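Anchor point for the sequence shown: position 121 equals 121 in full-length UniProt numbering, and the numbering is continuous, going up by one each time.
Beta carbons are placed, not taken as given, at the ideal position from N, Cα and C, and that holds for glycine.
Since the model is a prediction, treat every value here as computed from it, not as a measurement.
Note sheet for the following structure.
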Amino acid sequence: MDVNESRDILIQHHGLKNTGDVYTFYYDETNNIRKLYLKDTGLNVDKTDNFILAGILHKGLSTDSDYSALFKNLNLQKSARELKLKHIAKGDFLNMLKSDKLFTILSWLIENKFYIHYFNLNIIYWSVIDIIDSIIGELHHPFYIINHMSLKSDFYELANSNPSVFLNALHEFNYPDVPEEKAHEFCLWLIDFTRIHGCILPDLRANVLEDLIKESLKIEDLPFISGFHGRELISSFMVFYLRNLYLFKNSKHIFDEEKSIQEDVNGFLFSENGVPIQNHVFVRSHDCEAVQISDVIAGFLGKYCSYLKDVNDEQLSLDKAGLTSKQLKTLTALKDIIDLSDDVSRGFFNVVSSEGEQRRNNWFLHGVKL
């Protein structure tokens, strides 16, 4: 695959800058469930926390920053063979904000001109929005196209309000490979589900979503909900590892060893004008301090993003009002390094989550009113 095929579209569509500069990215992950599929009792996993692929980066191919000084300041136990999130902060997101060591790491990164990057995936949102995309894609209606994000987020909120009923129905209809003879019945069920649970939405948004779902009855073929492996919602996270490799094609990308992903990524060949590009490597985290720090960043962001997924607006406001000075100090450090990173390139961040999660992030971290 030529790197510029998808890269140019992504840059133009999102107005990304500085993607051609040279950086060194370090990565780790959290909440990688490998696969997500439907069972007759729901899902194959008990927890559906957001998948996070994240870490730190710096400009250029090398840095003279003194990792040993940071590790010494963290005063890790001698039994710790390498830095892990559990050595820095424990508990849920709000408890992690109390960690002096986490603040030390964030401050050190800022002082040493490091940035952070992350990919945040709500796995349930990602799994069900194809239903809405499928309908909108066939209708070609400007109103629905313009409002596609709101419609997908509202549909996700309905699905999330009664997950057992919703997921059991998807299992029964063999989603995302709904048989042709069951497509009409599936659409009728979607309409009923939307009508019954739409009460959790403002009236106007509920009516718009229901009207869209009703349009599915007029469509002969819904391409995104048939022709795939039935009951398999996510087969691999490999595709999400590729995005930065082609977007930041001139940079170096250093991943923590992960055999289930490593073989797939190494087997996907990028080129530019016919010349192969090899800009990534997998390493043992024990041998790379920056990957160890990325473990902390990925784990912390995983707690934060899952918190945003699960909390309601009222509790979010109460939580923010109740933050101690220590928690606020760490939260401010997180905001500062995200802002500094965003100033360099918005391409460092990739989010696939509902509008509600993004709105709650803007309020909690950046003070944008709910």
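Classification of residue i by the beta-carbon crowding that lies within 10 angstroms, buried from 16 upward
i, result
"Asn273", "exposed"
"Asp28", "buried"
"Lys47", "exposed"
"Ala321", "exposed"
"Cys305", "buried"
"residue 414", "Given a span of 1 to 370 for the chain in the structure shown, any question on residue 414 remains unanswerable."
"Met96", "buried"
"Phe268", "exposed"
"Lys17", "exposed"
"Pro142", "exposed"
"Thr332", "exposed"
"Pro176", "buried"
"Asn244", "buried"
"Val311", "buried"
"Asn122", "buried"
"residue 424", "Nothing about residue 424 can be reported from this structure: the residues present for the chain run from 1 to 370 only."
"His14", "exposed"
"Gly60", "exposed"
"Glu220", "exposed"
Rounded distance between the beta-carbons of residue j and residue i, thought under 8 Å
i, j, result
"Ser99", "Ser354", "Their Cβ separation, rounded to whole angstroms, is 28 Å, which puts Ser99 and Ser354 out of contact at 8 Å."
"Lys309", "Asn50", "6 Å"
"Gly91", "Ile297", "Not confirmed; about 17 Å, so no contact."
"Tyr246", "Ser65", "With 8 Å as the limit, Tyr246 and Ser65 do not qualify as a contact, their Cβ atoms being about 27 Å apart."
"Arg231", "His171", "6 Å"
"Ser341", "His117", "7 Å"
"Ile213", "Thr194", "5 Å"
"Phe71", "Leu57", "Contact doesn't hold; Cβ gap of about 19 Å is too wide."
Three-state class that DSSP yields for residue i in the structure shown
i, result
"Thr104", "helix"
"His87", "helix"
"Leu188", "helix"
"Tyr175", "coil"
"Thr63", "coil"
"Leu97", "coil"
"Thr330", "helix"
"Leu323", "coil"
"Leu167", "helix"
"Asp92", "coil"
"Asn73", "helix"
"residue 385", "Outside the displayed range of the chain (1 to 370) lies residue 385, so it cannot be described from this structure."
"Arg81", "coil"
"Val128", "helix"
"Val344", "helix"
"Lys214", "helix"
"Asn312", "coil"
"His141", "coil"
Short CB-CB distance (under 8 Å) between residue i and chain C
i, result
"Ala206", "Chain labels in this structure do not include chain C; a single protein chain is all it has."
Identity of the residues DSSP links to residue i by a beta bridge
i, result
"Cys52", "First, the residue type needs correcting, since residue 52 is Ile and not Cys in the sequence shown. Beta-bridge pairing links Ile52 to Thr30 and Asn120."
"Leu38", "Leu43"
"Val352", "Leu121"
"Phe193", "Answer by DSSP bridge pairing: none, since Phe193 is not bridged."
"His58", "Thr24"
"Tyr115", "Leu57"
"Asp2", "Ser271"
Legend entry - Complete runs of the alpha helix (DSSP H) confined to the region 220-305 [at least 4 residues]: 238-247 and 259-266
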